[in-house]
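Protein chains in written order, with this note's numbering: chain A, 172 to 541; chain B, 711 to 836. Take a look at the structure set out below.
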Amino acid sequence: MTDHVEPPRETALVDVHRALGARLIDFAGWLMPVQYAGIIEEHRAVRERAGLFDLSHMGELFVEGDDAGDALAAALVTDPRTLTVGRAHYSMICAPDGGIIDDLIVYRLGSERFLVVANAGNAAVVSDELAARLGGWKAVLDDRSLATSLVAIQGPRAAGILGPLIDVDLGALKYYAIAEGQVAGIPALVARTGYTGEDGFELFVDWARGPAAWAVLADAGRSAGVVPCGLGARDTLRLEAGMPLYGNELDRQTTPFDAGLGRVVKLQKPGDFVGRAALERAEREGPSKRLVGLRVTGRGIARHGYHVVAGERPTGVVTSGTQSPTLGYPIAMASVAPGDGEPGTMLDVEIRDQRVAAEVVPLPFYKRSA
Amino acid sequence: MVPADLRYTKDHEWVRVEGDQATVGVTEFAAQQLGDVVFVDLPAVGKAVEQFATFGVVESVKAVSDLFAPIGGSVVEANAALADRPELVNSDPFGEGWMIRLKVADAAQLAGLLDPAAYEQLVASS
Chain A
172 MTDHVEPPRE TALVDVHRAL GARLIDFAGW LMPVQYAGII EEHRAVRERA GLFDLSHMGE
232 LFVEGDDAGD ALAAALVTDP RTLTVGRAHY SMICAPDGGI IDDLIVYRLG SERFLVVANA
292 GNAAVVSDEL AARLGGWKAV LDDRSLATSL VAIQGPRAAG ILGPLIDVDL GALKYYAIAE
352 GQVAGIPALV ARTGYTGEDG FELFVDWARG PAAWAVLADA GRSAGVVPCG LGARDTLRLE
412 AGMPLYGNEL DRQTTPFDAG LGRVVKLQKP GDFVGRAALE RAEREGPSKR LVGLRVTGRG
472 IARHGYHVVA GERPTGVVTS GTQSPTLGYP IAMASVAPGD GEPGTMLDVE IRDQRVAAEV
532 VPLPFYKRSA
Chain B
711 MVPADLRYTK DHEWVRVEGD QATVGVTEFA AQQLGDVVFV DLPAVGKAVE QFATFGVVES
771 VKAVSDLFAP IGGSVVEANA ALADRPELVN SDPFGEGWMI RLKVADAAQL AGLLDPAAYE
831 QLVASS
């Protein structure tokens, strides 16, 4: 068998990243910026001012048709029929056994028109699976992942930077809401969503308009201190905010209940959906593991894959970990035995050949002041 | 340009030998590649280190990297400043960001290292 390795895809913004001196890496089959000036500097800019992100690697799946709402309710664990037009919610697509195929944001754009945003690494799988699950319903899937550029501006100054450029009243655009508008003449879907724990916006524009949208935001935000941010800062920002990352906290072997996200699953919604029986059983039996926050109190940084022990007893594994740029100490998320997950519990993380003390703490690690 | 008075490993550590003592750190190129250094794990004083063996670990926000000893010896000092200020590895890799001092076991081992010109060539080709 020969291994055929495709070169990574490039977003419409790749030359912009190169000109900014970004370090580019292959991430989920895409050539993406991992950092520009440095992860800590970019992270702090988002917490204190604003950061600009190219997220064009994400999957944009439009679902439309007379049955679109019913079809999505049968395909996903949430009930998109309950969304008001112009609002969004966090969702998941699960396998029949309850394992998570991907976590998603579902936006309701019209009475029977939805936008489903999938992670880059899962976009093709979700697109195929969703298309199959729409079979038999009056609903069609339009995968516009390769026709859409996604630029995000995140941070406390994001609204102040974007507001004057757009014909949408951002004051009326709530968290997890979406509106159609024009950003300096560029047609865009503007959503008040993000993955950083800060206020911010995601702009879906035509693929070719990505660089123009980026340039408009970068220019308008210059005096406010906006900086380009890579996937490195995106990861530390979401980890401080306690947000799960597919492949770390979530995977096919994990149910939403195991990941502490049982509230996302709408078991009370009418009609069957893929995974319902397994997820009802998971809820009844209780989770087999518990996702917790850890503050490492000893010397060392807990990383993805490191083992966690309670005394001499193995209890789980670190799913994500880093030095927190905001807090100044190492933080981690870990999947542990349910009985070891109460805040205040002292556990040890096996870091190389040493056991390093860590305390279970509530998630999130960081919450922005209102 | 890298300092002319040092010798280098292909793994981007440097060593300065003065008498029977050797000071060890990572190069500016290594520091740039690592990104923001947030943790440095160094050996205890007295520990014996073999040439080209792992003597510690340096961690950036994203990655964990082993540190390889350019020369063998026993540790006489580890840079205590890095415990609170690991960012010195980025800001001054050839100076305040040094990592350990060794009592050299065999100075002839220096012959197995890269001279500044050879190291610069390595960096230029990577």
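For each residue, glycine too, the CB sits at the ideal point set by N, CA and C.
Taking DSSP's pairing of strands, which residues face aspartate 314 of chain A in a bridge? Within the first sequence, the letter at position 143 stands for residue 314 of chain A. Paired residues: A:Leu232.
Would you kindly work out how many angstroms separate the C-alpha atoms of alanine 379 of chain A and serine 320 of chain A, rounded to a whole number? Translated into positions along the first sequence, residue 379 of chain A becomes position 208. Translated into positions along the first sequence, residue 320 of chain A becomes position 149. Their backbone Cα atoms lie some 7 Å apart in a straight line.
Residue closest to aspartate 225 of chain A, alpha-carbon to alpha-carbon, out of A:Gly510, A:Arg409 and A:Phe375: The residue you call residue 225 of chain A lines up with position 54 of the first sequence. Per the Cα distances, A:Phe375.
What residues of chain A sit near aspartate 746 of chain B, judged by a beta carbon separation below 7 Å? Locating residue 746 of chain B in the second sequence gives position 36, where the first residue counts as 1. What aspartate 746 of chain B touches in chain A: Gly209, Ile210 and Ile211.
Which residue wins for smallest C-alpha separation from arginine 220 of chain A, given the options A:Gly396, A:Glu420 and A:Asp390? Along the first sequence, one-based indexing puts residue 220 of chain A at 49. Checked all of A:Gly396, A:Glu420 and A:Asp390; the closest Cα to arginine 220 of chain A is A:Gly396.
Is the beta carbon of valine 354 of chain A closer than 8 Å to that of isoleucine 337 of chain A? Along the first sequence, one-based indexing puts residue 337 of chain A at 166. Along the first sequence, one-based indexing puts residue 354 of chain A at 183. Yes, Cβ-Cβ distance for isoleucine 337 of chain A and valine 354 of chain A is below 8 Å.
Spatial neighbours of arginine 447 of chain A in its chain, beta-carbon cut-off 8 Å, leaving aside the 5 residues before and after: Here residue 447 of chain A refers to the residue found at position 276 when the first sequence is read from its first residue. Leu438.
Cβ neighbours of threonine 425 of chain A in the same chain (closer than 7 Å, five flanking residues each side left out): In the first sequence, residue 425 of chain A corresponds to position 254, counting from 1. The residues are Gly270 and Ile271.
Run through the DSSP bridge pairs and tell me what arginine 455 of chain A is partnered with. Against the first sequence, residue 455 of chain A aligns to sequence position 284. Beta-bridge pairing links arginine 455 of chain A to no other residue.
Residue range of the alpha helix (DSSP H) that glutamine 424 of chain A falls in? Position 253 of the first sequence holds residue 424 of chain A. Counting along the chain, glutamine 424 of chain A falls outside any alpha helix (DSSP H), and DSSP gives it neither H nor E.
Residues of the stretch 401-417 of chain A with Cβ closer than 8 Å to any Cβ of chain B, in chain order: Gly403, Asp406 and Thr407
Rounded to a whole number of angstroms, what is the C-alpha to C-alpha distance between valine 489 of chain A and proline 496 of chain A? Along the first sequence, read from residue 1 onward, the residue named residue 489 of chain A stands at position 318. Along the first sequence, read from residue 1 onward, the residue named residue 496 of chain A stands at position 325. Near 19 Å, if we compare the C-alpha coordinates of proline 496 of chain A and valine 489 of chain A.
Contacts of lysine 757 of chain B in chain A (Cβ-Cβ under 7 Å): Stepping through the second sequence from its first residue, residue 757 of chain B is reached at position 47. Within chain A, no residue comes near lysine 757 of chain B; the closest Cβ sits about 13 Å away, beyond 7 Å.
Could you round the C-beta distance between glycine 783 of chain B and alanine 815 of chain B to whole angstroms and report it? I think they count as a contact, below 8 Å. As a first step, residue 783 of chain B must be located in the second sequence, where it is residue number 73. As a first step, residue 815 of chain B must be located in the second sequence, where it is residue number 105. Confirmed, Cβ separation roughly 5 Å.
Taking the CB atoms as reference points, tell me whether arginine 194 of chain A and proline 204 of chain A lie closer together than 8 Å. In the first sequence, counting from the first residue as 1, residue 194 of chain A sits at position 23. In the first sequence, counting from the first residue as 1, residue 204 of chain A sits at position 33. It is a contact, given that the beta carbons lie within the stated cut-off.
Positions along the stretch 486-517 of chain A whose CB lies within less than 9 Å of some CB in chain B: Thr493, Gln494, Pro496 and Pro501
Tell me, please, whether the CB atom of lysine 772 of chain B is closer than 8 Å to any CB atom in chain A? Position 62 of the second sequence, counted from the first residue, corresponds to residue 772 of chain B. True, the Cβ-Cβ gap to chain A drops below 8 Å.
Spatial neighbours of glycine 240 of chain A within its chain, please: C-beta separation below 7 Å, excluding the five flanking residues on both sides. The sequence position of residue 240 of chain A within the first sequence is 69, counting from 1. Around glycine 240 of chain A: Pro251, Arg252 and Glu283.
Could you tell me which residues DSSP puts in a beta bridge with proline 358 of chain A? Within the first sequence, numbered from 1, the residue matching residue 358 of chain A stands at position 187. DSSP output for proline 358 of chain A lists A:Gln353 as bridge partner(s).
Check whether the Cβ atoms of glycine 492 of chain A and arginine 466 of chain A sit closer than 8 Å, and answer yes or no. Taking the first residue of the first sequence as position 1, residue 492 of chain A is located at position 321. Taking the first residue of the first sequence as position 1, residue 466 of chain A is located at position 295. No, Cβ-Cβ distance for glycine 492 of chain A and arginine 466 of chain A is not below 8 Å.
Would you identify the three-state DSSP class for tryptophan 385 of chain A, choosing helix, strand or coil? Working through the first sequence from its first residue, we reach residue 385 of chain A at position 214. Looking at tryptophan 385 of chain A - three-state DSSP - the assignment turns out to be helix.
With DSSP collapsed to three states, give me the class of tyrosine 346 of chain A. Locating residue 346 of chain A in the first sequence gives position 175, where the first residue counts as 1. In this structure, tyrosine 346 of chain A counts as coil in the three-state DSSP scheme.
Whether valine 768 of chain B touches valine 747 of chain B by CB criterion (8 Å): For this step, residue 768 of chain B is matched to residue 58 along the second sequence. For this step, residue 747 of chain B is matched to residue 37 along the second sequence. Contact: yes.
8 Å is my cut-off, CB to CB: does valine 736 of chain B come that close to chain A? Taking the second sequence and counting its residues from 1, one reaches residue 736 of chain B at position 26. No - not a single Cβ of chain A is within 8 Å of the one on valine 736 of chain B.
Pair every Cβ in the stretch 285-300 of chain A with every Cβ in the stretch 225-239 of chain A, then say whether three or more of these pairs are closer than 8 Å. yes
In chain A, which residues lie less than 8 Å from glutamate 769 of chain B when you measure between Cβ atoms? The count along the second sequence starts at 1 and reaches residue 769 of chain B at position 59. Correct list: Ile472 and Gln494.
Rounded to the nearest angstrom, what separates isoleucine 211 of chain A and valine 398 of chain A at their Cα positions? Within the first sequence, residue 211 of chain A is the residue found at index 40, counting from 1. Within the first sequence, residue 398 of chain A is the residue found at index 227, counting from 1. Straight-line Cα distance between these residues: approximately 12 Å.
Check each candidate in A:Val479, A:Ile276 and A:Val507 and name the one with the smallest Cα separation from valine 520 of chain A. As a first step, residue 520 of chain A must be located in the first sequence, where it is residue number 349. The shortest C-alpha separation from valine 520 of chain A is found at A:Val479.
Pull up the CB-CB distance for proline 826 of chain B and valine 712 of chain B, whole angstroms please, since I reckon it's below 8 Å. Counting from 1 along the second sequence, the entry for residue 826 of chain B is found at position 116. Counting from 1 along the second sequence, the entry for residue 712 of chain B is found at position 2. Rounded, the Cβ-Cβ distance is 5 Å, consistent with contact.
Are any of the Cβ atoms in chain B nearer than 8 Å to that of arginine 542 of chain A? No statement about residue 542 of chain A is possible, as the shown extent of chain A runs from 172 to 541 and does not include it.
Mind reading off the beta-carbon distance from leucine 408 of chain A to glycine 368 of chain A? Whole number of angstroms is fine, and I expect it under 8 Å. Counting from 1 along the first sequence, the entry for residue 408 of chain A is found at position 237. Counting from 1 along the first sequence, the entry for residue 368 of chain A is found at position 197. Contact holds; Cβ gap of about 6 Å.
Enumerate in chain order the residues of its own chain whose CB-to-CB distance from threonine 468 of chain A is below 7 Å, with the five nearest sequence positions on each side excluded. Position 297 of the first sequence, counted from the first residue, corresponds to residue 468 of chain A. Contacts found: Ala528, Ala529 and Glu530.
Helix, strand or coil for serine 836 of chain B? Go by DSSP, reduced to three states. Here residue 836 of chain B refers to the residue found at position 126 when the second sequence is read from its first residue. Coil, per DSSP.
Is there a Cβ of chain A sitting closer than 8 Å to that of phenylalanine 804 of chain B, yes or no? As a first step, residue 804 of chain B is located in the second sequence; it is residue number 94 there, counting from the start. Output row for phenylalanine 804 of chain B: interface = no.
Just to confirm, are valine 750 of chain B and valine 799 of chain B a CB contact at a threshold of 8 Å? In the second sequence, residue 750 of chain B corresponds to position 40, counting from 1. In the second sequence, residue 799 of chain B corresponds to position 89, counting from 1. For valine 750 of chain B and valine 799 of chain B, yes; Cβs fall inside 8 Å.
In whole angstroms, give me the CA-to-CA distance for glutamate 483 of chain A and leucine 518 of chain A. What you label residue 483 of chain A is simply residue 312 of the first sequence in a count that begins at 1. What you label residue 518 of chain A is simply residue 347 of the first sequence in a count that begins at 1. One C-alpha to the other measures close to 10 Å.
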